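Chemist: Going by mature numbering (1 follows the signal peptide of the UniProt record, and there is no 0), the letters in the sequence shown line up with residues -16 to -1, 1 to 464, in that order. By construction, the Cβ of each residue, glycine as well, lies at the ideal position given by its N, Cα and C atoms. Keep in mind the model is a prediction, meaning the values are calculated, not measured.
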Amino acid sequence: MIKYIILSFCLFQVLSKTKDEWKSRTVYQLLTDRFATSTGKSSSCNLSKYCGGDYKGIINNLDYITNMGFDAIWISPVNDNYDNGYHGYWYRNMYDVNKNFGTSQDLKNLVTACHNKGVWVMVDVVANHMGNTNQDYSQNYPFNSSSHYHDYCIISDNDFNTHNLANIQKCRLAGLADLNQDNTFVANELIKWIKWLITEYQFDGIRIDTVMMVKTDFWTKFTNSAGVYSVGEVFDGDMGFLKQFLGPINGLLNYPLFYTLRDVFLHNKGMNTLESYFNNIANSFGKANLPYMGNFNDNHDNARFLNDAVTGYIPEDFEFYGENSNFTVTALKKLQFKAITAFTLTSVGIPMIYYGSEQFYAGGNDPNNREVLWNHLDQTSEMYKFIKVINEARKTTKAASQDQIQRYADADVYAFTRGTLFAAFSNKYDKQIVKSITYHPYAEGTSLCNIFYATDCVKVTNGAFPLYLNYGEVKIFIPK
């Protein structure tokens, strides 16, 4: 028996994926209920309820993800939920699966299918609350007693705005029953449960919901028990506030970068705003923590970037997919979104690209940003190919394992290298920008070619090479 326990522990350690192993991964975030269906469900549905996506649907369409260059997926919470919990965050029985997505064996089959294709699986988990909004806990397992919960109160907007953790960590988010992790039974059960979940389904990483709503000493024990890379959601852009959650959790969803990229590419702040961002976040978090941050272009909690694109000009060849078909995406907005996505994929951190980005989805606030995708799994679309090319370059150059070094920064241009990959960005959409790059890692005579246009090449001459950015385009050079 002792030998079996030791063997099981050693196997768990071998299979566990560490934060350093995750640095090289690119993650495709999908909502299980919205990505793909195996049962022929219609793509027209009420986005506030189940639409019919399932694990078998994901298995059947893994090539759509891998052909785009992704080698990890982030899936919705897998546990049994209260009615209409299509997103997975309304737990009822923590040891049962959400049967709307499939059986326990279907979930295991998904993880196996992913691993067979070299794809790691990150599962979304909740340890802050259960799914009921009343004070009847009889359906909740294993937390079916009122003693397992904080007294009833609701987190206010002012609590969030003032970072009032005393209330945030004991009151209810949107009325959801708030677990009391100071209760020994609750804490121990959650710590036991996460180890069981990882071991039972062989997950490779966890995304933790509602991190700020629970004390950090609990998260240290929780993530240690999980034994895999952890990234946490703290819906806030204040670096000084966020840094307390690093350490107990390996990385955080990078809201400071999310907001900075929108300031630069949407609100036209100077490109050197990015220089200030990197200086500030390195000082706040420590440079050593940056590779484990989860960089994202969009997600299920925010209106999609392209939702802002309500203007008079519509490109002739553009079609909008999704619930809010009255929205259209202009050529300018597509350029901006490409820049944000390219920056997310190439800069320091673990890229986490939201499903539908590759089809220019433009849904608004929840639930309209959680559109059905299975009727538009198009591998020939403009944005799909754009992401694919970047992922290929990221892997070819092993950029993820290289330090990010700023090579140029002013109001018009921001550029950096990661190893031999050179990425340059501009938000000057009305003109061509020309710069001479003199600070770089390339030998004299090296030819550098644009990954998007193979004939667009420059040569290092007299220690420099020219950079032409036309009307807000992204350029990524790699040596020929």
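Would DSSP call A171 helix, strand or coil?
Modeler: Here the question's residue 171 lines up with position 187 in the sequence shown. Here A171 sits in helix by DSSP.
Chemist: Residue ranges of each alpha helix (DSSP H) run of no fewer than 4 residues wholly in the segment 133 to 184, ordered along the chain?
Modeler: 141 to 145 and 149 to 152
Chemist: Under the rule that 16 or more other beta-carbon atoms within 10 Å means buried, what is I192, buried or exposed?
Modeler: In the sequence shown, counting from the first residue as 1, residue 192 sits at position 208. Answer is buried; the Cβ neighbour count reaches 16.
Chemist: Tell me which residues share the same chain as M52 and place their Cβ nearer than 8 Å to its Cβ, disregarding the 5 neighbours each side in the sequence.
Modeler: Position 68 of the sequence shown, counted from the start, is the residue given in the question as residue 52. Same-chain partners within the cutoff: Y12, E342, Q363, Y368, I371, K372 and N375.
Chemist: Per DSSP, which one or two residues make a beta bridge with T401?
Modeler: The sequence position of residue 401 within the sequence shown is 417, counting from 1. I389 and F406, per the DSSP bridge assignment.
Chemist: Should Y437 go down as buried or exposed, given a rule of 16 or more other Cβ atoms within 10 Å for buried?
Modeler: For this step, residue 437 is matched to residue 453 along the sequence shown. It is exposed - the Cβ of Y437 has fewer than 16 other Cβ atoms within 10 Å.
Chemist: At the level of alpha carbons, what is the spacing between W203 and F54?
Modeler: What you label residue 203 is simply residue 219 of the sequence shown in a count that begins at 1. What you label residue 54 is simply residue 70 of the sequence shown in a count that begins at 1. The straight-line gap from Cα to Cα measures roughly 28 Å.
Chemist: Does the beta carbon of K322 sit closer than 8 Å to a beta carbon anywhere in chain C?
Modeler: The displayed structure is made up of one protein chain only, and chain C is not part of it.
Chemist: Measuring alpha carbon to alpha carbon, tell me which of L405, I43 and G348 ends up nearest N100.
Modeler: Here residue 100 refers to the residue found at position 116 when the sequence shown is read from its first residue. Measuring from the Cα of N100, the nearest candidate turns out to be I43.
Chemist: Where do the ends of the beta strand (DSSP E) carrying N286 lie?
Modeler: What you label residue 286 is simply residue 302 of the sequence shown in a count that begins at 1. Segment: none, N286 is in no beta strand (DSSP E) and carries neither H nor E.
Chemist: Consult DSSP for N353 and reduce its assignment to one of helix, strand or coil.
Modeler: In the sequence shown, residue 353 corresponds to position 369, counting from 1. Residue state, collapsed to three classes: coil.
Chemist: In the DSSP assignment, the alpha helix (DSSP H) including P240 goes from what residue to what residue?
Modeler: The residue labelled residue 240 in the question sits at position 256 within the sequence shown. Element bounds for P240: Y239 to F249.
Chemist: Compare the beta carbon distance of F219 and Y243 with 8 Å and say whether it is the shorter of the two.
Modeler: Position 235 of the sequence shown, counted from the start, is the residue given in the question as residue 219. Position 259 of the sequence shown, counted from the start, is the residue given in the question as residue 243. In this structure, Y243 does not lie closer than 8 Å to F219 by Cβ.
Chemist: DSSP has S214 in a bridge; who is on the other side?
Modeler: On the sequence shown, residue 214 is found 230 positions in, with the first residue counted as 1. In DSSP, S214 forms a bridge with I190.
Chemist: Assuming the contact rule is C-beta atoms closer than 8 Å, I417 and S410 should be a hit. Round their C-beta distance to whole Å, please.
Modeler: If you number the sequence shown from 1, residue 417 lands on position 433. If you number the sequence shown from 1, residue 410 lands on position 426. Between S410 and I417 the Cβ distance is about 5 Å, and since that is below 8 Å, they are a contact.
Chemist: Is it the case that the Cβ atoms of F289 and F321 are separated by a distance below 8 Å?
Modeler: Looking up residue 289 in the sequence shown gives position 305. Looking up residue 321 in the sequence shown gives position 337. Yes, the pair counts as a contact, with Cβ atoms nearer than the cut-off.
Chemist: Does the segment 175 to 191 come close enough to the segment 129 to 147 that 3 or more CB-CB pairs lie under 8 Å?
Modeler: no
Chemist: Here's a check: name, in chain order, each residue in its chain whose Cβ is nearer than 8 Å to the Cβ of G296, leaving out the five neighbours to either side.
Modeler: Reading the sequence shown from its first residue, position 312 is the one you call residue 296. Interpretation of G296 is limited by its pLDDT of 32, a score under 50 that renders its predicted location unreliable; no figure is taken from the coordinates.
Chemist: If you draw a straight line from the alpha carbon of Y73 to that of G159, how long is it in whole angstroms?
Modeler: Locating residue 73 in the sequence shown gives position 89, where the first residue counts as 1. Locating residue 159 in the sequence shown gives position 175, where the first residue counts as 1. Spanning the two alpha carbons is a distance of roughly 13 Å.
Chemist: Helix or strand or just coil, what does DSSP make of P126?
Modeler: To locate residue 126, count along the sequence shown from 1; it is residue 142. P126: coil per DSSP, three-state reduction.
Chemist: Going by the beta-carbon positions, is the gap between Y339 and F280 smaller than 8 Å?
Modeler: The residue you call residue 339 lines up with position 355 of the sequence shown. The residue you call residue 280 lines up with position 296 of the sequence shown. F280 is positioned such that its CB atom lies no closer than 8 Å to that of Y339.
Chemist: Less than 8 Å between the C-beta atoms of S22 and K40, yes or no?
Modeler: Locating residue 22 in the sequence shown gives position 38, counting from the first residue. Locating residue 40 in the sequence shown gives position 56, counting from the first residue. Yes; because the gap between Cβ atoms is below 8 Å, this pair is in contact.
Chemist: Would L357 and F85 be called neighbours here (beta carbons separated by less than 8 Å)?
Modeler: The residue given as residue 357 occupies position 373 in the sequence shown. The residue given as residue 85 occupies position 101 in the sequence shown. Cβ distance not < 8 Å, so L357 and F85 don't count as in contact.
Chemist: Cα separation between K205 and R76?
Modeler: The residue labelled residue 205 in the question sits at position 221 within the sequence shown. The residue labelled residue 76 in the question sits at position 92 within the sequence shown. Rounded to whole angstroms, K205 to R76 spans 23 Å at the Cα level.
Chemist: Please say whether V444 and G456 have beta carbons closer to each other than 8 Å?
Modeler: For the purposes of this step, residue 456 is taken as the residue at position 472 of the sequence shown. For the purposes of this step, residue 444 is taken as the residue at position 460 of the sequence shown. No, Cβ-Cβ distance for G456 and V444 is not below 8 Å.
Chemist: Please check the pair I389 and L432, which I expect to be a contact at CB under 8 Å, by giving their CB distance rounded to whole angstroms.
Modeler: As a first step, residue 389 is located in the sequence shown; it is residue number 405 there, counting from the start. As a first step, residue 432 is located in the sequence shown; it is residue number 448 there, counting from the start. So it is not a contact: roughly 16 Å between Cβ atoms.
Chemist: Express the C-alpha separation of R378 and A408 in angstroms, rounding to a whole number.
Modeler: Stepping through the sequence shown from its first residue, residue 408 is reached at position 424. Stepping through the sequence shown from its first residue, residue 378 is reached at position 394. Counting only the Cα atoms, R378 lies some 14 Å from A408.
Chemist: Out of curiosity, what's the CA-to-CA distance linking E303 and N359?
Modeler: If you number the sequence shown from 1, residue 303 lands on position 319. If you number the sequence shown from 1, residue 359 lands on position 375. Low per-residue confidence applies at E303: pLDDT is 43, beneath 50, and the placement is therefore not dependable enough to give any value.
Chemist: Between H132 and Y121, what straight-line distance do the alpha-carbon atoms span, to the nearest angstrom?
Modeler: On the sequence shown, residue 132 is found 148 positions in, with the first residue counted as 1. On the sequence shown, residue 121 is found 137 positions in, with the first residue counted as 1. One alpha carbon belongs to H132, the other to Y121, and they sit about 9 Å apart.
Chemist: Which residue wins for smallest C-alpha separation from V81, given the options A97, L181 and T207?
Modeler: Reading the sequence shown from its first residue, position 97 is the one you call residue 81. Out of A97, L181 and T207, L181 has the C-alpha closest to the C-alpha of V81.
Chemist: Out of D414, K419, Y392 and T380, which one is the CA nearest neighbour of G403?
Modeler: For this step, residue 403 is matched to residue 419 along the sequence shown. Ranking D414, K419, Y392 and T380 by Cα distance to G403 puts T380 first.
Chemist: Looking at the strands, I want to know which residues DSSP matches up with K459.
Modeler: Counted from its first residue, the sequence shown places residue 459 at position 475. A408, per the DSSP bridge assignment.
Chemist: Can you name, in chain order, every residue of its own chain whose Cβ lies under 6 Å from the Cβ of K154, other than the five neighbours on each side?
Modeler: In the sequence shown, counting from the first residue as 1, residue 154 sits at position 170. Cβ within range, chain order: H134.
Chemist: When you compare only the Cα positions, how much space is there between D67 and G102?
Modeler: Mapped onto the sequence shown, residue 67 falls at position 83. Mapped onto the sequence shown, residue 102 falls at position 118. Rounded to the nearest angstrom, the two C-alpha atoms are 34 Å apart.
Chemist: Please report the straight-line C-alpha distance between M(-16) and K176, rounded to a whole angstrom.
Modeler: What you label residue -16 is simply residue 1 of the sequence shown in a count that begins at 1. What you label residue 176 is simply residue 192 of the sequence shown in a count that begins at 1. Summary for M(-16): the model assigns pLDDT 45, below 50, so the residue's position carries little reliability, and this model does not support an answer.
Chemist: Which residues in the same chain as T426 place their Cβ atom closer than 6 Å to its Cβ, once the five residues preceding and following it in sequence are excluded?
Modeler: Within the sequence shown, numbered from 1, the residue matching residue 426 stands at position 442. A small correction: the amino acid at residue 426 is Tyr; Thr does not occupy that position in the sequence shown. Short of 6 Å from the beta carbon of Y426, and not among the five residues preceding or following it, lie these beta carbons of its own chain, in chain order: V444.
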